[in-house]
Amino acid sequence: MHYDSQWLHEQSVITLERILPAILDLTQSDPDQALFLERLRNHFPVLFEYYLNLYGEHYDCHFHLEATVGSLAQAFLQRPSELRQLDRHRQQNEDWFQSQKMVGAVCYVDLYANDLAGIQQKIPYFNELGVTYLHLMPLFDAPELNSDGGYAVSSFRKVNPKLGDMNDLRVLTTQLREHGISLVLDFVFNHTADEHEWAKKALQGEKQYQSYYLMFDDRGKPDEYEPFLREIFPDQAPGSFTFRPEINKWVWTTFNTFQWDLNYSNPEVFRVMLEEMLYLANQGAEILRLDAVPFVWKQVGTTCENLPEAHWIIRAFNAFVQIACPALLFKSEAIVHPRDVRSYIDPSECQISYNPILMTHLWDALATRETFFMRHAMSRRFSMPENTAWINYVRSHDDIGWGFADEDASEVGINGFDHRRFLNSFYTGDFPTSFAKGHPFNYNPRTQDMRIVGTTASLAGLEQALATKDPLAVEMAVRRIVLIYSVVFSIGGIPLIYLGDELGTLNDYSYLDDSQKSPDSRWLHRPSFDQQQFQQRNLSTDATSAVFRRITHLISVRKAQPAFAGMSTEFFDLGNNHIFSYVRSGTITVLTNFSEFPQQIDSQLLPKFGSPDGKLFDLISQQHLMIGSTLEIPPLSVFWLS
Ligand code: OTU
Numbered sequence: 173m174h175y176d177s178q179w180l181h182e183q184s185v186i187t188l189e190r191i192l193p194a195i196l197d198l199t200q201s202d203p204d205q206a207l208f209l210e211r212l213r214n215h216f217p218v219l220f221e222y223y224l225n226l227y228g229e230h231y232d233c234h235f236h237l238e239a240t241v242g243s244l245a246q247a248f249l250q251r252p253s254e255l256r257q258l259d260r261h262r263q264q265n266e267d268w269f270q271s272q273k274m275v276g277a278v279c280y281v282d283l284y285a286n287d288l289a290g291i292q293q294k295i296p297y298f299n300e301l302g303v304t305y306l307h308l309m310p311l312f313d314a315p316e317l318n319s320d321g322g323y324a325v326s327s328f329r330k331v332n333p334k335l336g337d338m339n340d341l342r343v344l345t346t347q348l349r350e351h352g353i354s355l356v357l358d359f360v361f362n363h364t365a366d367e368h369e370w371a372k373k374a375l376q377g378e379k380q381y382q383s384y385y386l387m388f389d390d391r392g393k394p395d396e397y398e399p400f401l402r403e404i405f406p407d408q409a410p411g412s413f414t415f416r417p418e419i420n421k422w423v424w425t426t427f428n429t430f431q432w433d434l435n436y437s438n439p440e441v442f443r444v445m446l447e448e449m450l451y452l453a454n455q456g457a458e459i460l461r462l463d464a465v466p467f468v469w470k471q472v473g474t475t476c477e478n479l480p481e482a483h484w485i486i487r488a489f490n491a492f493v494q495i496a497c498p499a500l501l502f503k504s505e506a507i508v509h510p511r512d513v514r515s516y517i518d519p520s521e522c523q524i525s526y527n528p529i530l531m532t533h534l535w536d537a538l539a540t541r542e543t544f545f546m547r548h549a550m551s552r553r554f555s556m557p558e559n560t561a562w563i564n565y566v567r568s569h570d571d572i573g574w575g576f577a578d579e580d581a582s583e584v585g586i587n588g589f590d591h592r593r594f595l596n597s598f599y600t601g602d603f604p605t606s607f608a609k610g611h612p613f614n615y616n617p618r619t620q621d622m623r624i625v626g627t628t629a630s631l632a633g634l635e636q637a638l639a640t641k642d643p644l645a646v647e648m649a650v651r652r653i654v655l656i657y658s659v660v661f662s663i664g665g666i667p668l669i670y671l672g673d674e675l676g677t678l679n680d681y682s683y684l685d686d687s688q689k690s691p692d693s694r695w696l697h698r699p700s701f702d703q704q705q706f707q708q709r710n711l712s713t714d715a716t717s718a719v720f721r722r723i724t725h726l727i728s729v730r731k732a733q734p735a736f737a738g739m740s741t742e743f744f745d746l747g748n749n750h751i752f753s754y755v756r757s758g759t760i761t762v763l764t765n766f767s768e769f770p771q772q773i774d775s776q777l778l779p780k781f782g783s784p785d786g787k788l789f790d791l792i793s794q795q796h797l798m799i800g801s802t803l804e805i806p807p808l809s810v811f812w813l814s
């Protein structure tokens, strides 16, 4: 529902005045009461608008809003003083996450270090790599057997006992911060595990908790919704509804059968989830990765993805955060059409977002050796609002789907459907001469859709090359890994490394022996930490150390160049379709060659930064390049020219 803005403004003033006495009372002995009230006054109008958009029609809207502001004040009271300090500091340095020194990494706690104490012991290595942003995959209490890698959360306030407890998490967060590392946690807010206390009570028949989820007495409603819905896991969890005989109801389950979608049309769900979110912020998480944002609002007759209400929920959450814990950033996880990916990014919504568009195009360019499609899509889709940033990555813990825009494809003469089939065939290794060793994920025979799994190294050819023992093939695979990471390290935004990629870690087929994991091929690219490989990183002359040496070198060069801060990235065409090039902050020219052959470019076309002697300095090799009438870029190589 949309309201008249004048009316909204008046109502927000009246409402705040009505709520204030209770809030004043609640916060009276807090030393920062004045600060809290100032922020409340500043952000209340925005918060009120989105809240009313969402719940204005609800008979108890104002009652729920008051309760929610009460929860907000409680969370503020519980915010530890060091985090309040961080709030102040971050508000004075709003662009902290835009620094060229930012480097992200992601891992599973159990697979990478056994438990939270183990993660603590890896801090020296994170510092060695230069990591300043650490995403620990979901680490909360979750069903024992299958928990979708932790994305089925049984309690947002309890750490999975195998990993440690809340106290360990707080200690770790503080230690990370002391070492310059911000902790990133998931906020899995679209659904909970069916073992969450709310779900258990719902299963026992408690109406209040049944209303936390989307439940139906018969197939009537589900059958109305279903024809419009995308099946996310058609193979392992077909359909979007699960029948629960205990209560004789159908439950909305977008993902696996044990992941129950929350009912955000219930304002109580908004409040309790806000409480969980603020709780996590108070444990010291500096960035929350908002999982599965597109799905949080449902409307019959639509795809139930990317609806306006999904944005309002996040914007309302954001406004609450600005009052209680403004240091916190939201990271959007929307792996959808590029236009929709972009729609979540705004300082008042999600300040940062995965960049699945770049990710997809990097793999496309490696397979085709052509860069015109990527250049076209990036020229059109890369730019962002001020004070926001992309999280650039080459792969995550999830599958790779070919999420480019069909309209971008057809503008450069590519048929999207056919091209996806080619890419699937290429990355599963079926396509003749393919270097890749990936595997399919959730093939859907109805739409012929499929996604790809595999580690960066295996997809880039290292697994195959090592098997053939051909040193040239190994070198080319190493170069591919470094090449795509070099883009991630130099293009505007925060680079994110899936830990293990920096060592060239290959696919791990052992998941096939685990009956809980084997139906989900994403486990192929979630290998355990390999101590032996880790120790080889500085010693030997093999592929591991080659990847590690080159990647860490790129990171250190990036960190030393202020031109790599911020988002400014200007793409340009050098008349050679194997070259992908852009200028950072108007001063550093990045040239990358996606082909296995040397490529020439006409140096007249290179942006000249007043170099009188016709020389350009390559920051990576630390050498002056002599520029004649042409400049040659070696196979699968990169220059960062200053
Ligand atoms: C996310 O991914 C997580 O990253 C996955 O690991 C989870 O399984 C899932 O949510 C459920 O929590 O479809 O194939 O547009 O693409 O949320 C992965 C967003 C997914 C979805 C994304 C989802």
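Per our numbering, the sequence shown starts with residue 173, numbered consecutively.
All C-beta atoms, glycine included, are put in the ideal place defined by N, C-alpha and C.
Predicted model only: the values in this text are computed from it and were never measured.
C-beta atoms of arginine 709 and leucine 675 nearer than 8 Å: yes
Through-space distance from methionine 387 to threonine 155, alpha-carbon basis: This structure cannot speak to residue 155, because the chain is shown only from 173 to 814.
Option nearest glutamine 788 by Cα separation, candidates Trp812, Ile404, Asp337: Going by the sequence as given, residue 788 is leucine instead of glutamine. That would be Trp812, whose Cα lies nearest to the Cα of leucine 788.
Assigned exposure category for lysine 294 - 16 Cβ within 10 Å defines buried: Flag for lysine 294 reads buried.
Same chain only: Cβ atoms within 7 Å of glutamine 292, ignoring 5 sequence neighbours per side: Leu344, Gln347
Threonine 716, DSSP secondary structure in three states: DSSP places threonine 716 in helix when its eight states are reduced to three.
Residue nearest to threonine 716 in terms of C-alpha spacing, selected from Ser682, Leu638, Lys273: Leu638
Of the residues Asp287, Ala464, Pro617, the one placed nearest lysine 334, counting alpha carbons only: Asp287
Spatially closest choice to valine 185 from Ser201, Thr199, Leu219, by CA coordinates: Checked all of Ser201, Thr199, Leu219; the closest Cα to valine 185 is Leu219.
Near ligand 1: aspartate 570 beta-carbon under 7 Å from a heavy atom: Ligand 1 approaches aspartate 570 closely enough that one of its heavy atoms is under 7 Å from the residue's Cβ.
Distance cut-off 7 Å: phenylalanine 576 Cβ against heavy atoms of ligand 1: Every heavy atom of ligand 1 is 7 Å or more from the Cβ of phenylalanine 576, so no.
Exposure of proline 417, with buried meaning 16 or more beta-carbon neighbours within 10 Å: exposed
Inter-residue spacing [alpha-carbon to alpha-carbon] between glutamine 382 and arginine 443: 16 Å
Arginine 213 (DSSP reduced to helix, strand or coil): DSSP places arginine 213 in helix when its eight states are reduced to three.
Residue from Glu521, Arg593, His509 with nearest C-alpha to aspartate 578: His509
At least three beta-carbon pairs within less than 8 Å, the segment 388-397 to the segment 451-463: no
Glutamate 355 vs alanine 277 beta-carbon contact at 8 Å: Residue identity check: residue 355 is leucine in the sequence provided, not glutamate. In this structure, alanine 277 does not lie closer than 8 Å to leucine 355 by Cβ.
Nearest to serine 504 (by Cα), restricted to the options Ile495, Ala482, Ala496, Asp536: The shortest C-alpha separation from serine 504 is found at Ala482.
Contact test: glutamine 431 Cβ vs ligand 1 heavy atom, cutoff 7 Å: yes
Glycine 321 Cβ short of 7 Å to ligand 1 heavy atom set: yes
Every unbroken alpha helix (DSSP H) inside the segment 596-664 [4 residues or more]: 628-631, 634-640, 643-662
Given aspartate 407 as reference, the closest of Asp621, Thr627, Lys731 once Cα atoms are compared: It is Asp621 whose Cα lies nearest to the Cα of aspartate 407.
Boundaries of the alpha helix (DSSP H) in which arginine 251 is found, first to last residue: Run containing arginine 251: none; DSSP gives neither H nor E here.
Cβ neighbour criterion (16 or more within 10 Å) applied to phenylalanine 235: So phenylalanine 235 counts as exposed.
Pick from Ala649, Leu192, Leu746, Phe603 that is closest to glutamate 768, judged by C-alpha positions: Ala649
Same chain, Cβ closer than 8 Å to phenylalanine 607, five either side skipped, listed in chain order: Same-chain partners within the cutoff: Ala632, Gly633, Gln636, Ala637, Ala645, Met648, Ala649, Arg652.
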